[in-house]
Every structure is written in C-alpha cells, then in structure tokens.
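Using our numbering, you'd call the opening residue of the sequence shown number 151 and step up by one each time. Every residue, glycine too, gets a C-beta built ideally from N, C-alpha and C. Here the structure comes first, spelled out in structure tokens, and everything after it is commentary.
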Amino acid sequence: MAVIAEVRELGRHVGEEVTVRGWIQTMRSHGRIGFVVLRDGSGIVQAVVGQKDVSPRIWDRFQALTQESSVLLTGLVREDARAPGGYELTVRDLVLVGRSEDYPIQPKEHGVDFLLDRRHLWLRSSQQRAVLRVRNEVEQAIHDFFYARDFVRIDTPILTGAIGEAATTLFEVDYFEQKAYLAQTGQLYVEAAAAAFGKVYCFGPTFRAEKSKTRRHLTEFWMVEPEVAWNDSADNMRLQEQFVAYIVERALERCRNDLAVLERDTTALERVTPPFPRLDYSDAVKMLQERGSEVEWGEDLGGADETMVSESYDRPVFVYNYPGAAKAFYMKENPADPRTVLCDDLLAPEGVGEIIGGSQREDDYDRLLARIREEKLPEEAYGWYLDLRRYGTFPHAGFGLGLERTVAWICGRAHIRETIPFPRMLYRLYP
Ligand code: 4AD
Ligand code: MG
C-alpha cells in the first residue's frame, strides 16, 4: 500500500510511490499519454498516465474521467519544475470515488447570479479559494493581534433585546412572548466587559436588514469590535491604524500566492503603514462640495462621497467628528463643538470606502439617557447599559471593522459578496 500524502507535502516524497486524494480540475490526452490536474485543497498536482504503463482497465478509467470527479491516484512522485506546483505524479493506479456528471461551472465567463446560485460549487474555483484563504488569514491575524496585546475575547449574544445601532435595519425574531433582534453589533456588551477586563474584543456575525443592493452591503456580515477602557478618541484611531496595518502586512506576508492568483497589485497594500491621514468631518464636506458633491454639513457621507474622499489618498484615511445627528446614540459629545461627536470612520483607498466605524462612548448618564430618548429607542431595554454609567463610569472607546469589506479591499474585489463563503443579501438565502 502506498502512503497517503497531501499535495502540499509531495516534496518530501520524491522518488516514492504515494496516493493523493482529490478532485479532477482538468484533463487532456495526447495519443497514448493522458494528463490530469488534481486538486486536494492543499495544492494542485499534475498526474500523467502512459497507456503502456498501466492496465487497459486503468487506462479506460483515466480516459473516462470528468471535471470534478473525486479520485484516488497512486503513483511515483517526480520533481518537475515545469509542472504546476513543481511535482508530477506518474500514475500506476486510479480509483474513481465519485463521478461528476456535467459539472455546471466551466472555465469560461459565467454571470454572477449563475455562480451565486451555485455557490456551493463555485467555492472550488481557484479565485474563490484564493479570496477565502485571504479571509482565513485575516481572521487569524485579528485574533493574533489582540491576543498579543492581552485583550480578552468576549463572545457577545446574537439574540438581543436592545437595539445596537438603528431601528431601521433590524431583523426581528419571535422570542417566546417577547420580541428579540438579531445583533447589529456586539458593542454594547463589550462595553460592559471593558469594565471587567479593561481591553476586550468580540468577533462574530452581525445582522442588518439592508434593503439596498450595493456592492458593500450584506445582511449577515462579520465584525470585529475591540473596546478599551480609558482610551479616548485619539487613542482609538491609533489602535485602528496599527490594527489595519498589521492585518494587511500579514496578508502580504502569508498570502502572496493567493494575491497573485487574484492578480492583485500589491504595491498599493505595501503603502499601508501608520500614521494614516486624519480629516475633520467639516473639512471633508468642504472638499466634497468643491468637487461637486451635494452633501450638506450635518449629513452622513454616502458611498459616493466616501469613494471621492478615499481616492484622494494613497492609504486609508480617517474622517472624524461627524455631526451627532448623523450617527448612533452612544457616541460621546465633542466638548469643543457639541454639534459633533468624538467618532471616526476609516475609509480604505482605491474606492473601497468605510471599513471601520469607531467612537469614544458617551460616559455621562444624563447625556446618554437624553440621546436614547431623542432617538426614541425603547428605554426599558437599556437599563443595564445605563448601569455602566451609574456604577463607576469611565472613558472608553472602541470600533468595529467589517471583515468582508476589509477582505474585499485586500483582494481587490469590487463586490463583497465573494469574500464570505455563503453570502446573505436582499433576495439571496440560497444556497
Ligand atoms: O459603522 P458601523 O455600523 O459600526 C458599528 O456597528 C459599531 N457598533 C462598531 C463599534 O464601534 N464597535 O459598522 C462597522 C463596520 C463598517 O465600517 C463596515 O465595515 C461594516 O461594519 N458594515 C458592513 N459590512 C457589510 N455589510 C453591511 N451591511 C455592513 N454594515 C456595516
Ligand atoms: Mg458606520
């Protein structure tokens, strides 16, 4: 019996016979020689069969292989610089495990709806695998960044009673005799944990009933949300730029091949080093108006405005201190200009737009209660949140980074739907 090997470790088996297990990506024949490319998740390897080297039964099986059939291939490993992956397998035996009949995704252009309907198969395609490997690396980098800095990870609830961001994009769930919502954010809960542990973060799925079909919105997306006791808004922005630079550096360091598969120009990513430029909201509005935007002071920036601002910089840019009326209820009033709050959005370059929303939190009981009332939020659901201002209130700040937008930016993908294994959007719940 030949030893079973993963494609990634074939270099250790040169001159030996091994069995690899995987799926057939492509196959072709030249007379009495056949070639297949097999993918096993760890890599791809070219396998060669000579008609004279195998029994007629094996030769016929080889000839009948189809795209995405699953197989066991046994043969001799040879070094071959011209082969994809650097090694080649000279096949002696072939076992067909599962036949694949009329695989729908062909090496040609398909419409995106066609592909999204077949997302469960589309995942096998090389560019999709590259994007999801970058996502995996970014997720690991997120945990490593906070673990190395002694943050405690707090898992926040997905079923919640309090509205985290805004009443307009809530998914409501029947919760026995009560109404519950799918979490829009874990923030309110990490604020509570910050008084227990100082530095904390949560990282999980969040939900927004976004009725808009844009390239930046999913109804289910992943967000990482650190929260730090005693940090003010300036500390918060410094943490954000270190964090984003670290994530990008990790992707550059460990996902070179994936970024190459995606034909990503990495020079733009190499420039992502702190400090990032900081632009006061009022200055951003002036700049936008000069360039023809119809934005008025007091409004949040729309997607087109964000693109316009971010295109003026070669690295991510902070826009800070937005008008309070345009932002969520929990942000701290700016003592220097009470019309504004101590917050920031981080806009990624190359037209990507907002990847982070952050703020110092309102730590004054009366002002926070007034904001909850102003926004007509159900006061009774916020008793526990107000308690944090009643029992030893403290300055604190945090932010939320959207995983899919960040991965889309790093991968140079225009639409975030490819950056999550099974996207949820308006009109899409399948597969
Ligand atoms: O700006 P947002 O709404 O901020 C919060 O939720 C805060 N509670 C975060 C905090 O301070 N702890 O969302 C933060 C980020 C956005 O910048 C964006 O990257 C992402 O979450 N995001 C979305 N990503 C995909 N689809 C959507 N519908 C998104 N909405 C927000
Ligand atoms: Mg935001």
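Would you decide whether residue i is buried or exposed? Buried here means 16 or more other CB atoms lie within 10 Å of its CB.
i      : result
SER509 : buried
TRP272 : buried
TYR470 : buried
TYR297 : exposed
GLN290 : exposed
LYS202 : exposed
LYS482 : buried
ARG207 : exposed
TYR431 : buried
THR490 : buried
ARG448 : This sequence places Gly at residue 448; Arg is not what is there. By the 10 Å Cβ count, GLY448 comes out exposed.
PRO587 : Residue 587 cannot be examined here, being either before or after the span of the chain that is shown, 151 to 581.
VAL153 : exposed
GLN390 : buried
Measure the CB-CB distance between residue i and residue j and report whether it falls below 8 angstroms.
i      : j      : result
CYS561 : LEU412 : yes
GLY336 : GLU360 : no
TRP372 : GLY348 : no
ARG274 : HIS565 : no
GLU456 : GLY503 : yes
PHE479 : LEU527 : yes
VAL323 : ASP408 : no
LEU497 : PRO466 : yes
PRO485 : TRP380 : no
VAL204 : VAL241 : yes
ILE304 : VAL350 : yes
ALA342 : THR310 : no
ARG269 : PRO581 : yes
ALA312 : TYR515 : no
LEU215 : VAL186 : yes
So is the beta-carbon of residue i under 7 angstroms away from any non-hydrogen atom of the ligand 4AD?
i      : result
HIS367 : yes
MET387 : no
GLY184 : no
PHE393 : no
ILE313 : no
LEU551 : yes
PHE371 : yes
ARG574 : no
GLN334 : yes
GLU375 : yes
ASP510 : Sequence inspection shows Gln at residue 510; the Asp mentioned does not correspond to that position. Not under cutoff, so the answer is no.
GLU360 : yes
GLN256 : no
ILE304 : no
GLU525 : no
GLN337 : yes
GLU554 : yes
Select from the options the residue whose C-alpha is nearest the C-alpha of residue i.
i      : options                        : result
GLY191 : MET177, ARG279, PRO234, ALA345 : ARG279
LEU438 : PRO425, SER462, ARG421         : SER462
LEU239 : ARG171, ARG268, PRO573         : ARG171
LEU551 : PRO545, TRP559, PHE544         : TRP559
PRO234 : ASP263, GLY193, THR216, LEU226 : GLY193
PRO571 : ALA475, ALA291, HIS293, ASP267 : ASP267
ALA344 : GLU440, THR306, ALA454, PHE357 : THR306
LEU160 : THR423, ALA197, LEU320         : ALA197
ASP230 : GLY165, SER179, ARG242, LYS436 : GLY165
ARG158 : MET151, LEU188, PRO581         : LEU188
ASP300 : VAL378, ALA155, THR417         : VAL378
THR169 : LEU222, MET177, GLU446, HIS180 : LEU222
ASP243 : PHE393, GLU167, THR417, ARG574 : GLU167
Just checking residue i against the ligand MG - is the residue's beta carbon closer than 7 angstroms to any of the ligand's heavy atoms?
i      : result
GLY507 : yes
ASP495 : yes
GLU504 : yes
If you reduce the DSSP assignment to three classes, tell me which class residue i lands in.
i      : result
TRP372 : strand
ARG274 : coil
HIS293 : helix
GLN96  : The chain is shown from 151 up to 581; residue 96 falls before or after that span and cannot be answered.
ALA520 : helix
LEU332 : strand
GLU529 : helix
HIS180 : strand
ARG441 : coil
HIS546 : strand
CYS352 : strand
GLY501 : coil
TRP173 : strand
GLY474 : helix
VAL187 : strand
ARG421 : coil
SER219 : coil
GLN256 : coil
Compare the C-beta of residue i with all C-beta atoms of chain B and state if any pair is closer than 8 angstroms.
i      : result
PHE357 : In the structure shown, chain B does not exist; there is a single protein chain.
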